[in-house]
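> Quick one: structure below, then a few questions.
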Amino acid sequence: MLLEENTSIDTEQAKLDRLFDDAPRRPLLYPWQEELIRYWIKVHFFFLALNTYKNFKKTFEVLKIFQEFKKKTFGRDGERKITLKNGKIWFGIHIPPFPSKNFNKYILTEFHRYVPHSRSINTFQQVNFAITTKCPMRCEHCFEWDNLNMPETFSLEQLQQLTKKLQNQGLAHISLSGGEPMIRYEEMVKLIENGNKDTHWWAITSGFNLNEEKAKRLKKAGATGLVVSIDHYLPASHNKFRGHKDAFNHGVNAAISAGKAGLMVAISVCVTKENANRVFLMNFMQMAINLGADFVQWLEPKAEGHYRNKDVEMNEGQIQLMEEVYEELCHNPKYRKYPPVMYYGYYQRRIGCFSAGRSSFYVDSVGMVHSCPFCHSADFKITDWLEMPAISGKEITKCELY
Ligand code: SF4
């Protein structure tokens, strides 16, 4: 039993349930449907590898490495939860849906990392681009803290040039963040509308002023989904953490509106030391069900940005507990109705970070390129790339965890 009863939480939950009545629900698959889909994907992987390597030995080699990678990422047998939405199968927010040509290219890029081949791959699997410095929130953990509300760095034209250049090199996923990207909502819509749809466009937002009409326009423009940051299931606690009196309402309304508009919805939570316990995690996951979330992203606090030089990182006991709950949520059939959790700390402690500075990077709101939002390497200005013939002319610091 993971969840302990707590009267005050139940009372809050009853209030929230009324707020969540309107939310669409994440469709649940029968176990036999999930099994069938997993079998289909295994067969697909086999033929994708065989068509790529034209060689049984290399095919089995890459599939074996891939299976080991899945075990270290998702624990136990390596099987992961699936979300079925808009007629596609989704494994996470950074992986294109299956079946699609983008999914195949994403997987071929991963295969190439394990066993090199000569087929076309993405130069980048994911880029997180902070398109504005402006933000109405003041979050405790903000990694853009030093840049908040400085004069804007990028014009819409520059954003279009830069994202196009990245897309031309092969890019599976681009996240638009900030600051708060909703502050530049109209330009964000234009950027997505005019961008290449081979890239999946997501927005990372506090949900500020995002209603159903705006969500529908984002969907129509070609956006794939939203990552909405909600850091507590209790409104007052979230508002305090975010330094904004209506932060919780903005987040909840955005998640529900995005679900109704047919966008993918991921809820992102920074699990602080104070909240690294079973009651918090399970009540949070219950809120995610109520919101109709397709995924939940657990982030661990890092001593960067507003948290710089602060004792915010979890101790061993807290990490162990988070990992135990994660494994249960991933694999215990009792928790089938809970949305899939993405927990990067879990696999990074087992296989390192193979992504930051290699297949992904972060552009902050003043244009500096970093390994990732949590590792500020400040390598160079992204606008310098506009004058350069190839992106490969500048080096991005690679994550040392690898
Ligand atoms: S974390 Fe995001 S929403 Fe919060 S203050 Fe920083 S930029 Fe704004």
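Going by numbering that gives the first Met the number 0, the sequence shown opens with residue 0, and the numbers climb by one from there.
Glycine included, each C-beta is placed from N, C-alpha and C at the ideal position.
Source: prediction; values computed, not measured.
Residues in its own chain within less than 7 Å of residue 322 by CB, not counting five upstream and five downstream?
The count along the sequence shown starts at 1 and reaches residue 322 at position 323. The beta carbon of residue 322 sits closer than 7 Å to the beta carbons of 345 from its chain, once the five residues preceding and following it are set aside; these are given in chain order.
> Buried or exposed for residue 85, please, with buried defined as at least 16 other CB atoms from any protein chain shown within 10 angstroms of its CB.
Numbered from 1 along the sequence shown, position 86 holds the residue referred to as residue 85. When all chains shown are included, residue 85 counts as exposed.
> Under 8 Å: do the segment 126-143 and the segment 172-182 share three or more Cβ pairs, one atom per stretch?
yes
> Distance, Cα to Cα, residue 40 vs residue 244?
The sequence position of residue 40 within the sequence shown is 41, counting from 1. The sequence position of residue 244 within the sequence shown is 245, counting from 1. Looking at the two C-alpha atoms, the distance is approximately 45 Å.
> So, with DSSP's three-state summary, where would you put residue 1?
The sequence position of residue 1 within the sequence shown is 2, counting from 1. With a pLDDT of 43 at residue 1, under the threshold of 50, the predicted position of this residue should be treated as unreliable, and no value is reported.
> So, for residue 140: in the same chain, excluding its five sequence neighbours on each side, which residues have a beta-carbon less than 6 Å away from its beta-carbon?
Translated into positions along the sequence shown, residue 140 becomes position 141. The residues are 269, 300, 306.
> In the DSSP assignment, what residue or residues form a beta bridge with residue 202?
The residue given as residue 202 occupies position 203 in the sequence shown. Answer is 175, 225, bridged to residue 202.
> Which of the three DSSP states, helix, strand or coil, is assigned to residue 131?
Position 132 of the sequence shown, counted from the start, is the residue given in the question as residue 131. Three-state result, residue 131: coil.
> Can you tell me which of the three DSSP states residue 275 falls into?
Here residue 275 corresponds to residue number 276 of the sequence shown, with the count starting at 1. Correct three-state label for residue 275: coil.
> Report yes if the C-beta distance between residue 36 and residue 88 is below 9 Å; otherwise report no.
In the sequence shown, residue 36 corresponds to position 37, counting from 1. In the sequence shown, residue 88 corresponds to position 89, counting from 1. In contact: residue 36 and residue 88 (Cβ atoms closer than 9 Å).
> Let me confirm a value: residue 175 is counted as buried when at least 16 other C-beta atoms fall within 10 Å, else exposed. Which label applies?
Stepping through the sequence shown from its first residue, residue 175 is reached at position 176. Classification of residue 175: buried, given that the 10 Å Cβ count is 16 or more.
> Compute the Euclidean distance between the alpha carbons of residue 2 and residue 165, then round it to the nearest angstrom.
For the purposes of this step, residue 2 is identified with residue 3 of the sequence shown, where counting begins at 1. For the purposes of this step, residue 165 is identified with residue 166 of the sequence shown, where counting begins at 1. Any reading at residue 2 must be qualified, since the residue scores a pLDDT of 46, below 50, and its modelled position is unreliable; no value is offered.
> So, at 6 Å on beta carbons, what are the nonlocal neighbours of residue 276 in its own chain, with the 5 sequence-adjacent residues on each side left out?
As a first step, residue 276 is located in the sequence shown; it is residue number 277 there, counting from the start. So no residue of the chain qualifies.
> Beta strand (DSSP E) containing residue 265: first to last residue?
As a working note, residue 265 is residue 266 in the sequence shown. 263-269 is the span of the beta strand (DSSP E), which, as asked, contains residue 265.
> Can you say whether residue 196 is buried or exposed, counting buried as having 16 or more other CB atoms within 10 angstroms of its CB?
Residue mapping note: residue 196 aligns to position 197 of the sequence shown, counting from 1. Exposed, because fewer than 16 other Cβ atoms sit within 10 Å of the Cβ of residue 196.
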